[in-house]
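For the sequence shown, the numbering used here begins at 132 and goes up steadily by one. Just so it is clear, CB atoms sit at the ideal spot from N, CA and C, and this is done for glycine as well. Remember, it's a predicted structure, so these values are computed and weren't measured experimentally.
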Amino acid sequence: QVQLVESGGGLVQPGGSLRLSCAPSGIIFGNYHISWHRQAPGKQREWVASITSGGTTNYVDSVKGRFTISRDNAKNTVYLQMNSLKPEDTAVYYCRAFNTGSGYWGQGTQVTVSS
């Protein structure tokens with residue numbers, strides 16, 4: 132059974148940092164691209180960042196220069212380092228593992244940016 136477990140969310144003040152982790156199990160990690168998405172209350176889920184199986188990264192414009200996605204294939208884990216957080220980054224953050232044949236979502240982790 133495939134599971135994606137996100138962790139690292141929480142409450143942080145504006146300007147602060149958090150690091151989210153996504154640990155898939157039940158898949159061959161190195162064969163999958165991984166993406167992070169977020170959904171704020173009352174809004175649609177949006178793509179935030181992705182990293183291919185080969186390590187190529189992409190970001191939505193609103194987080195460029197602040198967020199960094201990375202993967203550790205030895206630990207089967209993907210990270211999203213979030214710096215200079217803003218209140219508008221508040222959302223539930225989800226990771227997704229995907230390739231041409233399949234895709235899987237995690238359960239999400241809450242990130243709240245507030246003073």
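Separation of Ser138 from Asn230, as counted between CA atoms = If you number the sequence shown from 1, residue 230 lands on position 99. If you number the sequence shown from 1, residue 138 lands on position 7. Straight-line Cα distance between these residues: approximately 23 Å.
message = Between which residues of its own chain and Val244 is the CB-CB distance below 7 Å, once the five residues before and five after are set aside?
response = Taking the sequence shown and counting its residues from 1, one reaches residue 244 at position 113. Once the five neighbours on either side are set aside, the close Cβ partners of Val244 are Val143, Pro145, Leu216, Lys217, Pro218, Asp220, Thr221.
task = Could you name the residues of the same chain whose beta carbon sits closer than 6 Å to that of Arg197, not counting the 5 residues immediately before and after it, in chain order?
result = Locating residue 197 in the sequence shown gives position 66, counting from the first residue. A distance below 6 Å between beta-carbons, with the five flanking residues on each side excluded, links Arg197 to the following residues of its chain, in chain order: Asn214, Ser215.
query = What's the gap between the Cα of Gln212 and the Cα of Phe160?
reply = Here residue 212 corresponds to residue number 81 of the sequence shown, with the count starting at 1. Here residue 160 corresponds to residue number 29 of the sequence shown, with the count starting at 1. Rounded to whole angstroms, Gln212 to Phe160 spans 20 Å at the Cα level.
query = So, helix, strand or coil for Ser148, using DSSP?
reply = By 1-based counting over the sequence shown, the position of residue 148 is 17. Note: Ser148 maps to coil in three-state DSSP.
message = Can you tell me where the beta strand (DSSP E) holding Asp220 begins and where it ends?
response = Counted from its first residue, the sequence shown places residue 220 at position 89. For Asp220, no beta strand (DSSP E) encloses it, and the DSSP letter there is neither H nor E.
query = Leaving out five residues before and five after Asn189 in sequence, what residues of the same chain have Cβ atoms less than 6 Å from its Cβ?
reply = In the sequence shown, residue 189 corresponds to position 58, counting from 1. Taken in chain order, the residues that qualify are Ser181.
query = Can you name the residues that DSSP bridges to Ile159?
reply = On the sequence shown, position 28 is the one that residue 159 refers to. None, per the DSSP bridge assignment.
ask   = Between Leu135, Glu177, Asn162, which lies nearest to Cys153 when the distance is taken from Cα to Cα?
value = Start at 1 with the first residue of the sequence shown, and residue 153 comes out as number 22. Selected option, being the one with the closest Cα: Leu135.
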